[in-house]
Amino acid sequence: MEMNATEQGASRATSPGEPGRVAPNSQQARSTLVFVHGWGGHGRFWQPQASHFAGHCDVVMPDLAGHGRAASQQGPYTLDRFAADLAEMIDQLEAPTCTLTGHSMGGAIALEAARKIPERVARVILVDAFVMDWGRLDESLINGFLSAFRDNFTAAVQGLIEQTCTQGTDPAVIAHAAKVMATLSPEVGLPALESLLRWDPLPAFKELKMPLDCINSVLVNPEARSRYAPFVTEHAVEGAGHYLQFEDEKGFNRLLDDILQSPK
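Numbering (our numbering), first residue to last: -16 to 247.
Next up, the structure:
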């Protein structure tokens, strides 16, 4: 895992084996926010949020193994490995606790990391993490989905991006997502995707006691929304597609501000 720190903290990215720390800037206690990107992304997907929060929070935006600046890191590329890496990184931060925010697959990773170190995680925010009904996908659907990516990985990635945007999504957002995700190799993407497709979030929801928030687009699966409603506080964003954090940067940041200021 490669860690991207904002200029407000330790202005550097650590190497995979180097302890990563984001030091507070002042004597005042500052909240620490850890943003986890999704499948095929990288930590800089969260740059609009880093710029917004860096003045009063310490912000960390790690690159998952096989992604971004951590592209050379070896597998396995699974949710459990990603979550273990994330938990280890959080344990190396100076802050006693942090807020974990994960987009898409990053939401699954955030939940599983929180299970590993619940004492270090004050809150988990899931951003459009339920576009499919994880834990309820039958084998034929999983195999069909994976077959499409095995047959033509590049075309399947482009199709996935198009399916997770709305008619109102800015073409620049689509182009940005496509450019970044085109760098993902099948050797990383396929096992990571299969791990996500076979993931069941229910054990995490039942186990975790810290506040759990969901920021959902119009794409969220209705069955998943209903099933997990008892465990989370939902914040629906009308008209938004999958890439909420840069489809409406200012609106998304205001919503995050509101969530972070709500009681824990």
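Virtual Cβ for every residue (Gly too), placed ideally from N, Cα, C.
_Looking only at its chain, what residues have a beta carbon closer than 7 Å to the beta carbon of Phe214, apart from the 5 residues adjacent to it on each side?_
Mapped onto the sequence shown, residue 214 falls at position 231. Non-local C-beta neighbours of Phe214 in its own chain, meaning closer than 7 Å and more than five positions away in sequence, comprise Phe188 and Leu195, ordered along the chain.
*Run through DSSP, which three-state label would Val43 get?*
To locate residue 43, count along the sequence shown from 1; it is residue 60. Looking at Val43 - three-state DSSP - the assignment turns out to be strand.
*asked:* I need the boundaries of the beta strand (DSSP E) containing Thr216, first residue and last residue.
replied: By one-based count along the sequence shown, residue 216 stands at place 233. Per DSSP, the unbroken beta strand (DSSP E) holding Thr216 starts and ends at Thr216 to Ala219.
*For the beta strand (DSSP E) holding Ser14, just list the boundary residues, first then last.*
Position 31 of the sequence shown, counted from the first residue, corresponds to residue 14. Segment Ser14 to Val19, the beta strand (DSSP E) holding Ser14.
*Could you please give me the residues that DSSP links to Arg103 through a beta bridge?*
As a working note, residue 103 is residue 120 in the sequence shown. Under the DSSP definition of a beta bridge, Arg103 lacks any partner.
*Tell me, please, whether the region 38 to 52 touches the region 105 to 119 by the rule of three or more beta-carbon pairs shorter than 8 Å.*
In this structure the region 38 to 52 does not lie against the region 105 to 119, because fewer than three pairs of beta carbons, one per stretch, are closer than 8 Å.
*Is it the case that the Cβ atoms of Leu47 and Leu179 are separated by a distance below 8 Å?*
Working through the sequence shown from its first residue, we reach residue 47 at position 64. Working through the sequence shown from its first residue, we reach residue 179 at position 196. No, the pair does not count as a contact, with Cβ atoms beyond the cut-off.
*Going by DSSP, what residues sit across from Leu83 in a beta bridge?*
Taking the first residue of the sequence shown as 1, we reach residue 83 at position 100. According to DSSP, which records beta bridges pairwise, Leu83 is partnered with Val17 and Val107.
*List the whole-angstrom C-beta distance separating Leu83 from Val19, where the pair is believed to meet the contact cut-off of C-beta under 8 Å.*
Taking the sequence shown and counting its residues from 1, one reaches residue 83 at position 100. Taking the sequence shown and counting its residues from 1, one reaches residue 19 at position 36. Right, the Cβ-Cβ distance comes to about 7 Å (below 8 Å), so this counts as a contact.
*Terminal residues of the continuous alpha helix (DSSP H) containing Asp241?*
Here residue 241 is taken as the residue at index 258 of the sequence shown, counted from 1. Glu232 to Gln244 is the extent of the alpha helix (DSSP H) around Asp241.
_Check whether the region 221 to 237 and the region 144 to 158 touch, using three or more Cβ-Cβ pairs below 8 Å as the test._
Contact between the region 221 to 237 and the region 144 to 158 is established, with three or more Cβ pairs separated by less than 8 Å.
*Give the straight-line distance between the Cα atoms of Asn8 and His218, rounded to the nearest whole angstrom.*
Here residue 8 corresponds to residue number 25 of the sequence shown, with the count starting at 1. Here residue 218 corresponds to residue number 235 of the sequence shown, with the count starting at 1. Since pLDDT at Asn8 reaches only 43, below the 50 mark, its modelled position is unreliable, and the value read off the structure follows with that caveat. Spanning the two alpha carbons is a distance of roughly 31 Å.
*Leu109, buried or exposed, once every other Cβ within 10 Å from all chains shown has been counted against 16*: For the purposes of this step, residue 109 is taken as residue 126 along the sequence shown, with counting starting at 1. The residue in question, Leu109, is buried, as its Cβ has 16 or more Cβ neighbours within 10 Å.
*asked:* Rounding to the nearest angstrom, what Cα-Cα distance links Leu143 and Gly23 in this structure?
replied: By one-based count along the sequence shown, residue 143 stands at place 160. By one-based count along the sequence shown, residue 23 stands at place 40. Taking the Cα positions, Leu143 is about 11 Å away from Gly23.
*Inspect the beta-carbon positions of Tyr60 and Ala175 and report whether they are closer than 8 Å.*
Taking the sequence shown and counting its residues from 1, one reaches residue 60 at position 77. Taking the sequence shown and counting its residues from 1, one reaches residue 175 at position 192. The Cβ atoms of Tyr60 and Ala175 sit closer than 8 Å to each other.
*Okay, do the region 151 to 159 and the region 192 to 210 touch, 3+ Cβ pairs below 8 Å being the bar?*
Touching, no, given that fewer than three Cβ pairs across the two stretches are closer than 8 Å.
*Report the residue from Ser55, Ala33 and Ser34 whose alpha carbon sits nearest the alpha carbon of Val171.*
Locating residue 171 in the sequence shown gives position 188, where the first residue counts as 1. The residue with the shortest Cα to Cα distance from Val171 is Ser55.
*Grouping DSSP H, G and I as helix and E and B as strand, with all else coil, what is Leu191?*
Translated into positions along the sequence shown, residue 191 becomes position 208. In this structure, Leu191 counts as coil in the three-state DSSP scheme.
*Could you say which of Ala78, Gln57 and Lys99 lies nearest to Ala264 if we only look at CA atoms?*
Past the edges of the chain, shown from -16 to 247, lies residue 264, and the structure says nothing about it.
*Would you tell me roughly how many angstroms separate the C-alpha atoms of Leu243 and Val17, rounded to the nearest one?*
As a first step, residue 243 must be located in the sequence shown, where it is residue number 260. As a first step, residue 17 must be located in the sequence shown, where it is residue number 34. Approximately 13 Å, taken between the alpha carbons.
_Alpha-carbon spacing of Pro184 relative to Trp117, whole angstroms_ = Residue numbering aside, residue 184 sits at position 201 when the sequence shown is read from its first letter. Residue numbering aside, residue 117 sits at position 134 when the sequence shown is read from its first letter. Rounded to the nearest whole angstrom, the CA to CA distance from Pro184 to Trp117 is 7 Å.
*What residues in its chain sit with their C-beta under 7 Å from that of Ser200, if we drop five residues either side in the sequence?*
As a position in the sequence shown, residue 200 is number 217, starting the count at 1. Correct list, in chain order: Asp111, Val220, Ala223, Gly224, His225 and Leu227.
*Tell me, to the nearest whole angstrom, how far the beta carbon of Ala53 is from that of Met(-16); I am working on the premise that it is less than 8 Å.*
The residue you call residue 53 lines up with position 70 of the sequence shown. The residue you call residue -16 lines up with position 1 of the sequence shown. Yes, they are in contact, since the Cβ atoms of Ala53 and Met(-16) sit about 6 Å apart, within 8 Å.
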